[in-house]
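In this text, residue positions in the sequence shown follow the working numbering: the first is 20, and each later residue adds one.
Glycine residues also receive a C-beta, built at the ideal position from the N, C-alpha and C atoms.
If you're wondering where the values come from, they're calculated on a predicted model, not measured in any experiment.
The structure appears below as structure tokens.
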Amino acid sequence: MQLNEEQRLRERTAALMIDWAATRVPPFTGDSREGYDAAITAAHVIADESRVSLHRWVDAARRAGLSWAEIGGVLGISKQAAQQRFGTAEPAITPDPDLVVVRLGATAFNEMAILRAEGARGRELVKFGPLILYFRPTDQNWAYRRTISLAGPSEALLREGWTYVGSWLPFQYYKRPLEAG
20 MQLNEEQRLR ERTAALMIDW AATRVPPFTG DSREGYDAAI TAAHVIADES RVSLHRWVDA
80 ARRAGLSWAE IGGVLGISKQ AAQQRFGTAE PAITPDPDLV VVRLGATAFN EMAILRAEGA
140 RGRELVKFGP LILYFRPTDQ NWAYRRTISL AGPSEALLRE GWTYVGSWLP FQYYKRPLEA
200 G
């Protein structure tokens, strides 16, 4: 990538925060302590989305045949560092059609609708990742809950019978079987 291309990308990314500040009601000016918590949250969302995007592009590059050494070279890190940073440490669930239902295209905006629909079909969420949900068919219906938290699993939800599935910042996911009735 040329230096001028990199600079344009940096300017466009910085413009996201400037646009956010200007379109907020009231606009965020930074003149007082008010609003810095929201500004930090907005910057975190932008950084998090950039991180997710980077992981998606690395995954796509791997599927296209790039080696970890090539990816590391592009990023200025070693092959091992690239593999540790972007490789999955979790055992993969083999998408066996009789055991696992895979739903692609799950976003923060539509995933709760997908979870409700799959839960009503008796499908239990067993794993998730960027834009993907894995379900296991069961003989009972499931309820799902998503919370926003940077802390560990909610003790209150666990006491209410929810099972912690996992987290994908800033969301935490819980499930519980619905009562037959």
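Check: Here's the rule I'm using: 16 or more other beta-carbon atoms within 10 Å means buried, otherwise exposed. How should V77 be labelled?; Outcome: buried
Check: List the residues that DSSP assigns as beta-bridge partners of T182.; Outcome: K194
Check: Which of helix, strand or coil does DSSP assign to I167?; Outcome: strand
Check: Which residue's Cα is closest to the Cα of G148: N160, D158, L177 and V121?; Outcome: V121
Check: Under a three-way DSSP split, which group does F128 fall into?; Outcome: coil
Check: Using 8 Å as the Cβ pair cut-off and three pairs as the minimum, do the segment 120-136 and the segment 144-158 touch?; Outcome: yes
Check: How far does the alpha helix (DSSP H) with F105 in it extend, from its first residue to its last?; Outcome: K98 to F105
Check: For R82 and S186, I'd like the C-alpha separation in whole angstroms.; Outcome: 25 Å
Check: Please return the same chain residues whose Cβ sits closer than 6 Å to the Cβ of W39, not counting the five positions on each side in sequence.; Outcome: A61
Check: Work out the CA separation of S97 and G106 for me, nearest whole Å.; Outcome: 13 Å
Check: How should A101 be labelled, buried or exposed, when 16 other C-beta atoms within 10 angstroms of its C-beta is the threshold for buried?; Outcome: buried
Check: Could you compute how far the alpha carbon of M36 sits from the alpha carbon of G54?; Outcome: 13 Å
Check: Please classify G180 as buried or exposed, where buried requires at least 16 neighbouring CB atoms within 10 angstroms.; Outcome: exposed
Check: Do the CB positions of P196 and T157 come within less than 9 Å of each other?; Outcome: yes
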